[in-house]
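Protein sequences, first through last, are from chains A and B.
Mapping of the first sequence onto UniProt numbering: position 95 corresponds to residue 95, and the numbering continues sequentially without gaps.
Mapping of the second sequence onto UniProt numbering: position 88 corresponds to residue 88, and the numbering continues sequentially without gaps.
Cβ coordinates follow ideal geometry from the N, Cα and C atoms, glycine included.
On a predicted model such as this, the values are computed, not experimentally measured, just so you know.
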Amino acid sequence: MTLPVPAGEVRRGSVPPHLPMPRTLMANDLSLRIVIVDESPVRAAILEEGLKEAGFLNVLRITGRTNLLERIYAIDPDVILIDLEDPSRDTIEQMFQVSREVKRPIAMFVDQTDSKTIEDAIEAGVASYVVDGLRKDRVKPILETTISRFRAFARLKAELEEAKNQLEERKVVDRAKTILMKMKGIDEEAAYGLLRRTAMNEKKRIADIAQSIITAAELLR
Amino acid sequence: MRRLAMGFIPLTDAAVLIAAAERGFAMAEGIEIELHKEVSWANIRDKVNVGLLDGAHMLGPLAIASSLGLGHVRVPLVVPFALNLNGSAVTIDKHVYAAMAEVGEDLATALGAAQALGKVVRQRKAEGRDPLTFASVYAFSTHTYLLRHFLTGGGIDPDRDVRFVVVPPPFMAESLRGGLIHGFSVGSPWNSVAVDADVGRIAVLGAEIFGWVPEKVLGVHARFANAEPELLHRLVRALYAAARWCEDPANHDDLARLLSEPRHLNLPADVLKRTLDGRLHSAPGGRLRAHPDYLVLNRDGANRPERDHALWMYAQIVAAGQGEFAADAAREAMGVYRPDIFDAAVGPVAVKHPEPDCVATQFGAVFDARAFLGDGS
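Written out as structure tokens, the structure is:
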């Protein structure tokens, strides 16, 4: 499935914004029922949106683990996308192995020989189950969208974590500055300069020096 | 110091792996084991497959099914060490168990419990009620096969008279309480957890159905075993030293505390201590259902991965209808278990347990695994 992009102008895999989505290719996939099993509501929402943007309209989210099997039977999905850290994976695999009501999966992660996709999916944290009757080329874009969305979510989480840490660090540095200003009778700029020089000399982070000043001040109080 | 990433599922029989990592046994062999708590057996298999884990605590039948490509893509695994024998039990919903107590069988024996369950199942059928649903932890597991033998012992056809589902161990008790399942077969301490929550009664211990059941193993990717045989030997030696330590009752208090930590099993130490000692309450504060072989971590050669155990498990896979019999597959299954690696690393050990192909169940259903091969090889 190659996208109609002008040769030499666009890198592989990216679609220039002015080109319309290739409707003929996506039209086939509109009927695919895709189920997302993910306990994280934010990630599930990101995934659902991403898949819909990519042209898959029949995307359903399942939350909670009560009666998971019966709900999946009722939906009768073509593809199940599940968070790798969801304990229900064993339950869903067994369903495919023994059930006479549900079609058997052709494969997990599209195809056994496609080990790069398997590795990408697992490292991103997504496991997928594909039920019978789907061609590899129809499943691959679903999986690729999912993997990139899982990665986007991980980035978002890391950024949030970093922002939180930075805020914490700023508070620590501010407290250390106040202590230095009071003890040494210097202004804020000089206090910050002192912190920065010490950090440079000791090859440590400013936040770490600030933390040790706070700890020392508490001990000496 | 070599660092190895090892996966485990929060179960008592991860004890040897956890002790090896946390009590200096791996360190003594120049290995640092980084433990990764996993949520599903499928996760363990997949992460070992792509190399996110170097090895893991695994169900014996999972290692065999993965190597044969049953139920999933083929992942060639090597088993150089058996982490334990036995250690599971069958727990029944307390209301169903109460019905079993009324049909005039001796529930203290495995056969009595099986026959009482059989009568309850037939009674329900006669009344036109829904069949009972039983859970196991994974399709390819000794828990599944134990449950099937237990049901068969009570005259129940496991494929027609009841329903089977897979439920992750931490959700067993809750699923019982919610009426989604009526009984389950699981490793310790999850039977005791259901008893303590007063939702289930332990009906039979795994060791009461078969004398010896090959259970969890160390599974590594064939790639790793082939590339670094010397490192694998060191790992096996570390695990063997840890297993000897775990087996000694004098260390059970310490081991129970280690396992109870949040980063490991995150369960009360006294529940874990009971399972290590093989003394389980069958009902809250009730009679103890005890067995000296409830969970065997080291003694009598338990850690040697016997090829006969692998063959026995392959035979169970075929008997449960999970795979078609093929002599080549049977031999391949035996090849997953590697006593040669164990012997090279540890040296000779005295193996006392009987060969599993001549272990009779309590119900007389002898399973002749070797007959499968037909040529005695």
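- For Gly187 (chain B), the closest C-alpha among the options B:Tyr145, B:Val162 and B:Phe224 is that of B:Tyr145.
- Note on the region 126 to 172 of chain B: whole alpha helix (DSSP H) runs with a minimum of 4 residues are 142 to 153, in chain order.
- DSSP places Glu34 (chain B) in the uninterrupted beta strand (DSSP E) bounded by Ile31 to Lys37.
- Taking one beta carbon from each stretch, the region 63 to 73 of chain B and the region 134 to 149 of chain B have 3 or more pairs nearer than 8 Å; the two touch.
- For Thr117 (chain A), the number of other beta carbons within 10 angstroms of its own is at least 16, and it is reported as buried.
- Against chain B, the CB of Gln94 (chain A) has a partner CB under 7 Å away; the residue lies at that interface.
- Taking all protein chains in view, the Cβ of Glu29 (chain B) is crowded by 16 or more other Cβ atoms within 10 Å, so the residue is classified as buried.
- For Gln211 (chain A), not one C-beta of chain B is nearer than 7 Å to its own C-beta.
- Within the region 23 to 47 of chain B, the residues whose Cβ lies closer than 7 Å to some Cβ of chain A are Val39, Ser40, Trp41, Ala42, Asn43, Asp46 and Lys47, listed in chain order.
- Neighbours of Pro168 (chain B) across chain A, judged by C-beta separation under 9 Å: Arg65, Pro87, Ser88, Arg89, Asp90 and Thr91.
- Contact annotation for Ile122 (chain A) against chain B: Asp46, Lys47, Val50 and Leu52 [CB-CB distance below 7 Å, chain order].
- Between Arg151 (chain A) and Glu85 (chain A), the alpha-carbon positions lie close to 15 Å from each other.
- A Cβ-Cβ separation of about 6 Å places Val121 (chain B) in contact with Asp161 (chain B) under the 8 Å criterion.
- With a threshold of 7 Å between beta carbons, Gly71 (chain B) makes contact with chain A.
- For Lys47 (chain B), the uninterrupted alpha helix (DSSP H) run begins and ends at Trp41 to Val50, by DSSP.
- DSSP places Arg338 (chain B) outside both helix and strand once states are collapsed to three, so it counts as coil.
- Listed along the chain, the chain A residues whose CB falls inside 9 Å of the CB of Tyr138 (chain B) are Asp90, Glu93 and Gln94.
- Residues of chain A with a Cβ closer than 8 Å to the Cβ of Leu180 (chain B) are, in chain order, Thr66 and Asn67.
- For Phe171 (chain B), the chain A residues whose Cβ falls inside 8 Å of its Cβ are Arg65 and Pro87, in order along the chain.
- Neighbours of Gln316 (chain B) in chain A, taken as residues whose beta carbon is under 8 Å from its own, are absent, since the nearest beta carbon is some 15 Å off.
- By the rule that beta-carbons nearer than 7 Å mark a contact, Glu119 (chain A) touches chain B.
- Non-local C-beta neighbours of Arg45 (chain B) in its own chain, meaning closer than 7 Å and more than five positions away in sequence, comprise Leu62, Ser66 and Val75, ordered along the chain.
- Exposed is the label assigned to Val42 (chain A), since fewer than 16 other Cβ atoms lie within 10 Å of its Cβ.
- Residue burial annotation: Lys273 (chain B) is buried, with at least 16 other C-beta atoms found within 10 angstroms of its C-beta.
- Using a Cβ-Cβ cut-off of 7 Å, Gln97 (chain A) counts as an interface residue toward chain B, since at least one Cβ of chain B sits closer than that to its own.
- For the pair of segments examined, the region 62 to 72 of chain A was found to touch the region 89 to 96 of chain A: the number of CB pairs separated by less than 8 Å reaches three.
- Around Ile209 (chain A), the same chain offers Leu195, Thr198 and Ala199 as residues with beta carbons nearer than 6 Å, after the five sequence neighbours per side are excluded.
- By the neighbour-count criterion, in which 16 or more other beta carbons inside 10 Å mark a residue as buried, Asn266 (chain B) falls on the exposed side.
- Secondary structure at Ser185 (chain B): strand, using DSSP grouped into helix, strand and coil.
- In the three-state scheme derived from DSSP, where H, G and I count as helix and E and B as strand, Tyr294 (chain B) is classed as coil.
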